[in-house]
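J.: One structure, pasted below without further comment.
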Amino acid sequence: MRNGEIAEAFEELASLYELDGVVVYRVVAYRNAAKAIREAGVSVEEMARQGRVEELSGVGKTIAEKIDALLETGSIPAAEKLKARIPSGLIAVTRIPGLGPKRARLLYETLDVASLDNLREAAEQGRLKDVPGFGAKAEENVLTALAAGADGSPKTRTLLSKALAIGEELVGALRDHSSALKVELAGSARRWGDDVKDLDIVAASSDPAAFVEAFGSSPAIDVVHSSGEAGARAVTHTGLPVDLRIVPEEAFGNLLQHFTGSGKHNEALRTAAVKRGLHVSEYGIADDESGDSLAYATEEEVYERLGMQWVPPELRENRGELEAARAGRLPQLIELDDIRGDLHMHTTASDGHASIEEMAEAARERGYQYVAITDHSASHGFGDDVQPDELLRQVERIRALELEGITVLAGTESNILLDGSLDYEDPVLEQLDWVVASVHTSFRTPEKEQTERMMNAMEHPLVDAIGHPTGRLIERRAPYAIDIDRVIAKAVETGTFLEINANPDRRDLNDVYAKAAGEAGVTLVIDSDAHWPHTLANMRYGVATGRRAWLTAEQVANTRPWAELDKLRKRSR
DNA sequence: GCCGTTTTCGGCCCGACTGTTTTCAGTCG
């Protein structure tokens, strides 16, 4: 069973217990365990088999036993028992704004509301407003939410690249406002997560009223729901919620820290601070001993006051960054400027939209020293295939190029066939400078075969890197079934690089797997997979994933000049 | 239910808002 599926079972269990009314800390414990399982980076099923799940922070004896039961029988006995008493349809009811577990439970007990359909009926018949603690307003809010399309599913998220396009535009315009003192994008966008629920903008302004007014009349903003001197809540034309918060400049550091999150990072940071008699909020840090509360203008000062290094936003997920920051041992994270070349891109020979020269020139303008042209291969289909003779002609053209200031490498993104072999013969591959191997077919192959397919490909002496190793498309397609631990181990053993594909729809390897790979000693490459000259700029999403994976420049091959990278790969061993 | 620079028991972040209330519980971020 995959980590995500195990995590989901515990999230459901937490919701059921919450509806049952157990002490909140038990619910929190199950949710924390679910998060730890989801982000484990290695197979939790495998850990369970080895009796090691309690090594995960947040998993103790009780939850370990429940994991065992889940893996053995396919369900958690406690959850089955609860479902006999509490309809699981109530979980959807708790996702209606304004309704939480307590109120959903009350509706179940008084009105027999066990699903969203029941809820709609009760509200339409005017029965909701007579329940103690409810009123006309509550009933109206439920009907409004249902009419607006609330369907009890978790909130929709927006791909980071789409959210950033809007957020950077908004922030840029607000910085130009005459009253702007400080303006920053916060929240998960600042942490460079895969996707975001909303945009958080924090600001200091000499004239908050005028500033909020300017925000509300930005071209990207559709409706402003509420606004005042402290900020505003609005929605863009694309339906993305945006929160603007304003504080005095002297507390800007506290506000930025608070709204950058993550929630889990802040929670852990505050819990640790309380033990030292310090209380952290978005307004300042209160000290039990002196009795006063101090505000800080910068985040650096906030973290310093709490006795630790400033934590880069990409690391703020409560994955060990607080311990590292206290010990002064945060890694020196890779930066976009460290990248020397891009080793995965397409041209019109396959499904790209520009020539070799256009791609190379755009890369040179970005300051790169080298690029590899890696068009799709012989079995690719969709009319985008490149047959061996065509590839060899492309190699000749590349060798004959006369471009100043950039090295163009002849490469391929060769399909990994079902048996793990590539779709070019070795004599063809030997003519190339760089080989990326990727899975583009048979996504639904069972895990064992899919894993062995990829491991076989890594055994090939000419395969330099595996492209987008899990095949996921964020929000659109789940990763194919693959045992990532075995893939990582094989990458270490064979000296094959694993790619972080920087396409913002992919970001594959993801942060969790890339961190596991880095820790195991895998060398990674970060590539744009560009199909146009301008999408070479997607590199920043890959570097962000690398930063979220705690990677240093040292661990990423293409931070080196080509001659050095060349010596690092398996064919030079 | 988990966990330990205060602890193997007794805690477990902080603040704002809403709607229903005579002082606050529940929800949300």
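If you want my numbering, it's the 1-based position in the first sequence plus 1225. Virtual Cβ for every residue (Gly too), placed ideally from N, Cα, C. Quantities reported herein were computed from a predicted structural model and do not represent experimental measurements.
(1) Are the stretch 1604-1618 and the stretch 1652-1671 touching, with three or more C-beta to C-beta distances below 8 Å?
(2) At what residue ranges does the stretch 1626-1698 contain a whole run of the beta strand (DSSP E), taking only runs of 3 or more?
(3) When you compare only the Cα positions, how much space is there between Ala1435 and Leu1399?
(4) Could you tell me the distance, in whole angstroms, from the CA atom of Arg1794 to the CA atom of His1685?
(5) By how many angstroms is the C-alpha of Gly1266 removed from the C-alpha of Leu1281?
(6) Measuring CA to CA, which of Arg1382, Ala1309, Ile1231 is closest to Asp1245?
(7) Roughly how many angstroms separate the alpha carbons of Ser1413 and Glu1627, rounded to a whole number?
(8) Would you tell me roughly how many angstroms separate the C-alpha atoms of Ser1580 and Thr1381, rounded to the nearest one?
(9) Please check the pair Ile1301 and Leu1238, which I expect to be a contact at CB under 8 Å, by giving their CB distance rounded to whole angstroms.
(10) Starting from the Cα of Glu1233, find the closest Cα among Ile1292, Glu1279, Ala1273, Gly1645 and give me that residue.
(11) Pair every Cβ in the stretch 1738-1757 with every Cβ in the stretch 1766-1783, then say whether three or more of these pairs are closer than 8 Å.
(12) Going by DSSP in three states, Val1536 sits in which element: helix, strand or coil?
(13) Less than 9 Å separating the beta-carbons of Asn1491 and Tyr1521?
(14) Quick one: give me the first and last residue of the alpha helix (DSSP H) that Lys1407 is part of.
(15) Which partner residues does Arg1458 have in the DSSP bridge list?
(16) So if DSSP puts Ala1429 in a beta bridge, which residue, or which two residues, is it bridged to?
(17) Give the straight-line distance between the Cα atoms of Asp1651 and Thr1637, rounded to the nearest whole angstrom.
(18) Just to confirm, is the Cβ distance from Leu1353 to Asp1376 under 9 Å?
(19) Taking the alpha carbon of Val1717 as the point to measure from, which residue in Ile1699, Ala1706, Leu1519, Ala1745 has its own alpha carbon closest?
(20) Does the pairing of the stretch 1436-1454 with the stretch 1355-1364 give three or more beta-carbon distances under 8 Å?
(21) Given that a residue counts as buried once 16 or more other Cβ atoms are within 10 Å of its Cβ, and exposed if not, what is Gln1612?
(22) Can you list, in chain order, the residues of its chain with a C-beta nearer than 7 Å to that of Gln1534? Leave out the 5 residues immediately preceding and following it.
(23) Report the CB separation of Asp1733 from Arg1773 in whole angstroms; it is logged as a contact under 8 Å.
(24) Determine the contact status of Ser1575 and Tyr1649, defining contact as a CB-CB distance below 9 Å.
(25) When we look at the beta-carbon of His1571 and count the other beta-carbons within 10 Å, is it buried (16 or more) or exposed?
(26) Hey, out of Ala1714, Pro1671, Asn1726, whose CA is closest to Tyr1705's CA?
(27) Quick check: what's the CA-CA separation for Thr1632 versus Glu1621?
(28) Mind reading off the beta-carbon distance from Met1679 to Ile1641? Whole number of angstroms is fine, and I expect it under 8 Å.
T.: If we stick to the structure as given:
(1) The answer is yes - the stretch 1652-1671 touches the stretch 1604-1618, with three or more Cβ pairs under 8 Å.
(2) As summarised for the stretch 1626-1698, the continuous beta strand (DSSP E) elements at least 3 residues long and confined to that stretch are 1632-1640, 1659-1663, given in chain order.
(3) Rounded to the nearest whole angstrom, the CA to CA distance from Ala1435 to Leu1399 is 11 Å.
(4) Answer to the nearest angstrom: the Cα atoms are 12 Å apart.
(5) Distance between the alpha carbons of Leu1281 and Gly1266: 11 Å.
(6) With distances taken between Cα atoms, Asp1245 lies closest to Ala1309.
(7) If I take the Cα positions, the gap works out to 44 Å.
(8) Here the alpha carbon of Ser1580 sits roughly 38 Å from the alpha carbon of Thr1381.
(9) That pair is a contact at about 6 Å.
(10) Selected option, being the one with the closest Cα: Ile1292.
(11) In this structure the stretch 1738-1757 touches the stretch 1766-1783; the number of beta carbon pairs closer than 8 Å is three or more.
(12) In the displayed model, Val1536 falls within coil according to three-state DSSP, outside both helix and strand.
(13) Not closer than 9 Å, so no.
(14) For Lys1407, there is no enclosing alpha helix (DSSP H); the residue is part of the beta strand (DSSP E) that begins and ends at 1405-1410.
(15) Partner(s): Ser1451, Asp1468.
(16) Its beta-bridge partners are Lys1407.
(17) Taking the straight line joining both Cα atoms gives about 13 Å.
(18) It is not a contact, given that the beta carbons lie outside the stated cut-off.
(19) Taking Val1717 as reference, the option from Ile1699, Ala1706, Leu1519, Ala1745 with the minimal CA-CA separation is Ala1745.
(20) Contact annotation: the stretch 1436-1454 does not touch the stretch 1355-1364, with fewer than three C-beta pairs closer than 8 Å.
(21) So Gln1612 ends up on the exposed side.
(22) So the qualifying residues of the chain are Tyr1528, Ala1550, Gly1553, Leu1555.
(23) Wrong, their Cβ atoms sit about 13 Å apart, outside the cutoff.
(24) The criterion of a C-beta distance shorter than 9 Å is not satisfied by Ser1575 and Tyr1649.
(25) In this structure His1571 is buried. Its beta-carbon is surrounded by 16 or more other beta-carbon atoms within 10 angstroms.
(26) Tyr1705 has its Cα closest to that of Pro1671, out of Ala1714, Pro1671, Asn1726.
(27) One Cα belongs to Thr1632, the other to Glu1621, and the distance between them is close to 14 Å.
(28) In this structure, Met1679 and Ile1641 form a Cβ contact; the two beta carbons are roughly 7 Å apart against a cut-off of 8 Å.
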